[in-house]
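Contents: one structure, followed by commentary.
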Amino acid sequence: MRGNIEERREKILNGKIVPTLLSLAWPVVIGSMLQTAYNLADTYWLGRVSTEAVGAPTTAFPLVMVLMALGMGLATAGISLVSQHTGSGGSEKANQAAGQVFGLLFIIGLAGGMIGFLSSGYLLKFIADPDVYPLALNYVRIIFAGAPIMFAFISFRFILRGTGDMKTPMYIRLVGVVLNVILDPLLILGVGPFPMLGVSGAAIATVSTRGVAAAIGMYMLFNDKVDINLSLKDIKIKLRWVKKILNIGLPASAARIGSALGFVGLITIISSFGTVAIASYGVGQRIIQMVNLGIWGFASSSMTMVGQNIGAEQKSRAENIVKKTLMVSAGIMVLIAIIIFAIRRPMVSFFLDETQLEEFSAVVNEASRFVAIFVISIPFFGWFRIFDSTYRGTGHTKPAMVLSLTRIWVLRLGLSYFLAFQAFGLGLDLGVLGVWIGMALSNVTIAFVSYLYFRTGRWKEKTIEDEEEGKPMPT
50 MRGNIEERRE KILNGKIVPT LLSLAWPVVI GSMLQTAYNL ADTYWLGRVS
100 TEAVGAPTTA FPLVMVLMAL GMGLATAGIS LVSQHTGSGG SEKANQAAGQ
150 VFGLLFIIGL AGGMIGFLSS GYLLKFIADP DVYPLALNYV RIIFAGAPIM
200 FAFISFRFIL RGTGDMKTPM YIRLVGVVLN VILDPLLILG VGPFPMLGVS
250 GAAIATVSTR GVAAAIGMYM LFNDKVDINL SLKDIKIKLR WVKKILNIGL
300 PASAARIGSA LGFVGLITII SSFGTVAIAS YGVGQRIIQM VNLGIWGFAS
350 SSMTMVGQNI GAEQKSRAEN IVKKTLMVSA GIMVLIAIII FAIRRPMVSF
400 FLDETQLEEF SAVVNEASRF VAIFVISIPF FGWFRIFDST YRGTGHTKPA
450 MVLSLTRIWV LRLGLSYFLA FQAFGLGLDL GVLGVWIGMA LSNVTIAFVS
500 YLYFRTGRWK EKTIEDEEEG KPMPT
């Protein structure tokens, strides 16, 4: 909340690194857990309606994902610019950067939402089952209609992260989750005076609760309740700022969109081995996603700390922050990997229904094998995410984009295809086992490639304007 920025800035710039890192990381982890609960609530209540109702949001996800990836990628510029200006002591510049990010994302959310609303009927025909199509269309159009609202809250979250305030977005997310849990059964099932809206009810609940979250965030930003204080003049778009935001944000958006499309290719490869393979991947991913909550916490906190220290010209401390984050995360991730490896079969079984015994046994065996192989790479994936966040936090999103796309399109898809199939007579033809090995190897390889770029030190160059000379620093 308001009044803590100087205390946080002092800790980030001069305090003990590990305690500061942990204090910034845990709200991000809790926030991610709340988002997971948010998604589970929708799935649970839609499951009470029909199979088609459950499938509608999943079918619509690729369309929503593209717009959200664009928004979150551009919002990365908010963390980068706000954190560096905060670190350099330029509070007015931090406010200007925040205002420009907020204004630009709202406009893009409005334009993107309109385009998505109008084109979704055509695009869904390529990916939706005929029985799911009308439900998915209703769902995605409501989500697109609420895009400006959702982009406003994304801006709020990322801007505050730049100042080091991780708790306020977490508290507002908690309000959103509680409201969503209340609204979901009312609107989906039609409890009391509420009509039964099914899938449309889930979408309305999502947009409504995020609208409340966005309204709270906007009130705080424009009424001096948080570390960033905006006015209408701050959100009036200025070309100079737009160029810088796009220069930082578009590569981050491209990385998100490209990675998501790459995963579609990976699922296509896995699907070629049948339902047991794809089910095993789905179950294994649920387990891995729980581990990712911790990784994202460390990556997000180090992103803010590194950005502020680079802004303050404390390059040596910024490098030390990255190194200590790598050490702490590696220790925790290795411990988690050992635990998951030891109890992988019970964890896999927890997510499966034993009513169909033959399929149940096959999926348990394959999913357990997938998890056993993949957990070896978890510490390396953590390292990659920390390096990636370091580069994005300092505004060096182009190398981060190249590394991210290389991980998916070159390493993951390439290795998986080569190991799983004959691949023009050169592959090892290991079947789905080759995919699991390829996924693990992609994480190990990209971690070392990311480290090589880290060693160059190019990421230490500021991407904000020099406060004294008013000239752009090198990028």
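For the sequence shown, position 27 (counting from the first letter as 1) is numbered 76 according to this note's numbering, and the numbering increases by one without interruption.
Beta carbons: idealized from backbone N, C-alpha and C, even for Gly.
Asked	Found
Assuming residue 311 contacts residue 513 (C-beta within less than 8 Å), just tell me the rounded distance between them.	Going by Cβ atoms, the distance from residue 311 to residue 513 rounds to 31 Å, so no, they are not a contact pair.
Report back the beta-carbon spacing between residue 3 and residue 248 to the nearest angstrom; my notes put them in contact at under 8 Å.	Missing from the structure shown is residue 3; the chain here goes from 50 to 524 and no further.
In terms of residues, what are the limits of the alpha helix (DSSP H) holding residue 134?	100 to 136
Where does residue 53 fall in DSSP's three states?	coil
Below 9 Å between beta carbons: does that hold for residue 70 and residue 509?	no
Can you tell me where the alpha helix (DSSP H) with residue 302 in it begins and where it stops?	288 to 320
Near residue 60, what residues of its chain come up, given a Cβ to Cβ distance below 6 Å and the 5 sequence neighbours on each side ignored?	69
For residue 415, does the count of other Cβ atoms within 10 angstroms reach 16, so buried, or fall short, so exposed?	buried
Would you identify the three-state DSSP class for residue 179, choosing helix, strand or coil?	coil
Tell me the rounded alpha-carbon separation between residue 129 and residue 437.	13 Å
Could you say which of 266, 265, 238 lies nearest to residue 253 if we only look at CA atoms?	238
Grab me the residues of residue 162's own chain with a C-beta within less than 8 Å of its C-beta, minus the 5 sequence neighbours each way, in chain order.	116, 193, 194, 195, 196, 197
On the three-state DSSP scale, how would you describe residue 406?	Residue placement at residue 406 is poorly supported in this model, since its pLDDT is 44, which falls under 50; the coordinates are not used for a value here.
Would you check if the distance between the CB atom of residue 503 and the CB atom of residue 371 is smaller than 9 Å?	yes
Between the alpha carbons of residue 474 and residue 325, how many angstroms are there, rounded?	26 Å
Could you give the distance in angstroms between the alpha-carbon of residue 362 and the alpha-carbon of residue 273?	28 Å
Of all the options 298, 330, 453, which has the alpha carbon lying nearest to the alpha carbon of residue 307?	453
For residue 144 and residue 156, what's the separation of their Cα atoms in angstroms?	18 Å
Helix or strand or just coil, what does DSSP make of residue 456?	helix
Using three-state DSSP, classify residue 338 as helix, strand or coil.	helix
Please check the pair residue 211 and residue 92, which I expect to be a contact at CB under 8 Å, by giving their CB distance rounded to whole angstroms.	Not a contact, Cβ separation roughly 32 Å.
Evaluate the contact criterion for the stretch 422 to 432 versus the stretch 488 to 496: three or more CB pairs, one atom per stretch, below 8 Å.	yes
What would DSSP say about residue 284, mapped onto helix, strand or coil?	coil
Pick helix, strand or coil for residue 471, following the three-state DSSP scheme.	coil
Assuming contact is defined by CB atoms lying nearer than 9 Å, are residue 482 and residue 422 in contact in what I supplied?	yes
Are there 16 or more other CB atoms within 10 angstroms of the CB of residue 160, so buried, or fewer, so exposed?	exposed
Select from 119, 76, 102 the residue whose C-alpha is nearest the C-alpha of residue 309.	119
Leaving aside the five residues before and after residue 206 along the sequence, list all residues of the same chain whose C-beta is less than 7 Å from its C-beta, in chain order.	218
What's the gap between the Cα of residue 367 and the Cα of residue 358?	6 Å
Using the three-state DSSP reduction, which class does residue 59 fall into: helix, strand or coil?	helix
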